[in-house]
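*Asks:* Okay, here's the structure, questions in a sec.
Residue numbers (my numbering): 1 to 321.
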């Protein structure tokens, strides 16, 4: 895909992509079951619940029980999708996920909304910035962070066909839609959004759009960026990373997560092993968030477009001459 061809077709929250995706699944897969911990509205489950009430379980504010119920449902051949905020989907129930889902290899889909700084006004207690790290360290856990409404919908549909535990992370804010509505989601296959020889920009989630904006700004300066959407953090598309780094010789990683333990760490591990290159990491710097609008918080914590541009220029300056 060429940078000039990336067009915004509208704006919608990624959690709505999940809601529409699971509704579509309900029509075609009778084994799909939705569970929630008192957050059906926030997770956009209302259409699914209305159409398939017999396949919906309201667990109340009992997230640990929800994970246990989901694990049990898989034994009978069901495909359970657990839903709550990302903070409660991971931190609150980590022991249950580790023992009953990951260690046991259960086919549970852990679907987490309201992740990262863009949760906004709810503040630091709910803005989990450690969940990618927590989940990717679990053996056998697949970790997916789609970038917009269309991709979240496609990813939701794709994980139902995938056998094994999955963590699917998405968010609350209205965000640009810029990926094709008919594009099939392939787990573990990175998405190339722009091609360039000067710097690689690897991003996931909401920051993919910021990476696209940064690439456009860099092009105006005569800098051509390789922009790659690493929507699957695990299993990681190592080939895409290596090919890009061998071409550009430097990189920026951009994610709505702590730089410690996130997507950037995964990219750096691949680089260290196969093609050592200068890498600048955009993400929160070992800190909690705070209350504010998504726009205010992305700027304050250095996760906006101009910071990716500056990081790209710094990475280029660090290349061996």
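Cβ coordinates follow ideal geometry from the N, Cα and C atoms, glycine included. Only a predicted model underlies this, so the values are computations on that prediction, with no experimental measurement involved.
On the DSSP letters alone, give me the boundaries of the alpha helix (DSSP H) that residue 161 sits inside.
*Replies:* Taking the first residue of the chain shown as 1, we reach residue 161 at position 161. Note, residue 161: alpha helix (DSSP H), 149-161.
*Asks:* With DSSP run on the structure shown, which of helix, strand or coil describes residue 108?
*Replies:* Residue mapping note: residue 108 aligns to position 108 of the chain shown, counting from 1. Correct three-state label for residue 108: coil.
*Asks:* Can you list, in chain order, the residues of its chain whose CB lies under 7 Å from that of residue 277, leaving out five sequence neighbours each side?
*Replies:* As a position in the chain shown, residue 277 is number 277, starting the count at 1. If we look at residue 277 and ignore the five residues flanking it on each side, its Cβ neighbours are 245, 249, 250, 251, 271.
*Asks:* Taking a contact to mean a Cβ-Cβ separation below 9 Å, would you say residue 211 touches residue 236 in this structure?
*Replies:* Counted from its first residue, the chain shown places residue 211 at position 211. Counted from its first residue, the chain shown places residue 236 at position 236. Contact: no.
*Asks:* Please name the residue in 293, 181, 206, 84 whose C-alpha comes closest to that of residue 253.
*Replies:* Here residue 253 is taken as the residue at index 253 of the chain shown, counted from 1. Of the candidates 293, 181, 206, 84, the one whose C-alpha sits nearest the C-alpha of residue 253 is 206.
*Asks:* Nearest to residue 188 by CA position, among 286, 24, 241, is which residue?
*Replies:* Stepping through the chain shown from its first residue, residue 188 is reached at position 188. The residue with the shortest Cα to Cα distance from residue 188 is 241.
*Asks:* Helix, strand or coil for residue 29 per DSSP?
*Replies:* Position 29 of the chain shown, counted from the start, is the residue given in the question as residue 29. Residue 29 falls in the coil class under three-state DSSP.
*Asks:* How many Å lie between residue 219 and residue 3 at the Cα?
*Replies:* Here the question's residue 219 lines up with position 219 in the chain shown. Here the question's residue 3 lines up with position 3 in the chain shown. Cα to Cα, the separation comes out at about 9 Å.
*Asks:* Who are residue 286's beta bridge partners in DSSP?
*Replies:* Mapped onto the chain shown, residue 286 falls at position 286. Answer is none; residue 286 lacks a bridge partner.
*Asks:* Starting from residue 167, follow its DSSP beta bridges and name the residues at the other end.
*Replies:* To locate residue 167, count along the chain shown from 1; it is residue 167. DSSP lists 110, 143 as partners of residue 167.
*Asks:* Roughly how many angstroms lie between the CA atoms of residue 230 and residue 80, to the nearest whole one?
*Replies:* Sequence index remark: in the chain shown, residue 230 carries index 230 (1-based). Sequence index remark: in the chain shown, residue 80 carries index 80 (1-based). Between residue 230 and residue 80, the C-alpha separation is close to 25 Å.
*Asks:* Go to residue 265, then tell me how far its alpha helix (DSSP H) extends in each direction, as first and last residue.
*Replies:* On the chain shown, position 265 is the one that residue 265 refers to. Taken as a continuous stretch (DSSP letters only), the alpha helix (DSSP H) holding residue 265 covers 263-274.
*Asks:* Where are the alpha helix (DSSP H) runs, 4 residues long or more, that stay fully inside the stretch 12-76, in chain order?
*Replies:* 14-28, 46-51, 63-75, all fully within the stretch 12-76.
*Asks:* Going by alpha carbons, who is nearest to residue 339 out of 309, 259, 307?
*Replies:* A question about residue 339 goes unanswered here, because the residues of the chain that appear run from 1 up to 321.
*Asks:* Which residue's Cα is closest to the Cα of residue 227: 238, 234, 215?
*Replies:* Locating residue 227 in the chain shown gives position 227, counting from the first residue. Minimum Cα distance to residue 227 is reached at 215.
*Asks:* Check whether the Cβ atoms of residue 38 and residue 86 sit closer than 9 Å, and answer yes or no.
*Replies:* Taking the chain shown and counting its residues from 1, one reaches residue 38 at position 38. Taking the chain shown and counting its residues from 1, one reaches residue 86 at position 86. Against a cut-off of 9 Å, the Cβ pair of residue 86 and residue 38 comes out as no contact.
*Asks:* Could you tell me whether the Cβ atoms of residue 184 and residue 154 are closer together than 9 Å?
*Replies:* Translated into the one-based positions of the chain shown, residue 184 becomes position 184. Translated into the one-based positions of the chain shown, residue 154 becomes position 154. It is a contact, given that the beta carbons lie within the stated cut-off.
*Asks:* Can you tell me which of the three DSSP states residue 10 falls into?
*Replies:* Translated into the one-based positions of the chain shown, residue 10 becomes position 10. Reduced to three states, the DSSP call for residue 10 is strand.
*Asks:* Below 8 Å, can you find three or more Cβ-Cβ pairs linking the stretch 284-298 to the stretch 145-165?
*Replies:* The stretch 284-298 is not in contact with the stretch 145-165.
*Asks:* Contact between the stretch 261-268 and the stretch 119-138 is defined here as three or more beta-carbon pairs at a separation below 8 Å; is this criterion met?
*Replies:* The stretch 261-268, when compared against the stretch 119-138, does touch it at the 8 Å Cβ threshold.
*Asks:* Return helix, strand or coil for residue 195, following the three-state DSSP convention.
*Replies:* Along the chain shown, read from residue 1 onward, the residue named residue 195 stands at position 195. Correct three-state label for residue 195: coil.
*Asks:* Give me the residue from 63, 96, 172 with the minimum Cα distance to residue 120.
*Replies:* On the chain shown, residue 120 is found 120 positions in, with the first residue counted as 1. Checking every option, the nearest Cα to that of residue 120 belongs to 172.
*Asks:* Looking at the secondary structure, which residues open and close the beta strand (DSSP E) in which residue 208 lies?
*Replies:* The residue given as residue 208 occupies position 208 in the chain shown. Run containing residue 208: none in the beta strand (DSSP E); it sits in the alpha helix (DSSP H), 207-220.
*Asks:* Here's a check: name, in chain order, each residue in its chain whose Cβ is nearer than 6 Å to the Cβ of residue 122, leaving out the five neighbours to either side.
*Replies:* If you number the chain shown from 1, residue 122 lands on position 122. Excluding sequence neighbours, residue 122 sits near nothing in its chain.
*Asks:* Span of the alpha helix (DSSP H) holding residue 181?
*Replies:* Counted from its first residue, the chain shown places residue 181 at position 181. Taken as a continuous stretch (DSSP letters only), residue 181 belongs to no alpha helix (DSSP H), as it is neither H nor E.
*Asks:* Quick one: grab the DSSP three-state call for residue 304.
*Replies:* As a first step, residue 304 is located in the chain shown; it is residue number 304 there, counting from the start. In this structure, residue 304 counts as coil in the three-state DSSP scheme.
*Asks:* Compare the beta carbon distance of residue 233 and residue 21 with 9 Å and say whether it is the shorter of the two.
*Replies:* By 1-based counting over the chain shown, the position of residue 233 is 233. By 1-based counting over the chain shown, the position of residue 21 is 21. Their beta carbons are not under 9 Å apart, which means residue 233 does not touch residue 21 by this criterion.
*Asks:* According to the neighbour-count rule (16 or more other Cβ atoms, all chains shown, within 10 Å of its Cβ), is residue 136 buried or exposed?
*Replies:* Residue 136 sits at position 136 when you count from the first residue of the chain shown. The residue is buried, with at least 16 neighbouring Cβ atoms inside 10 Å.
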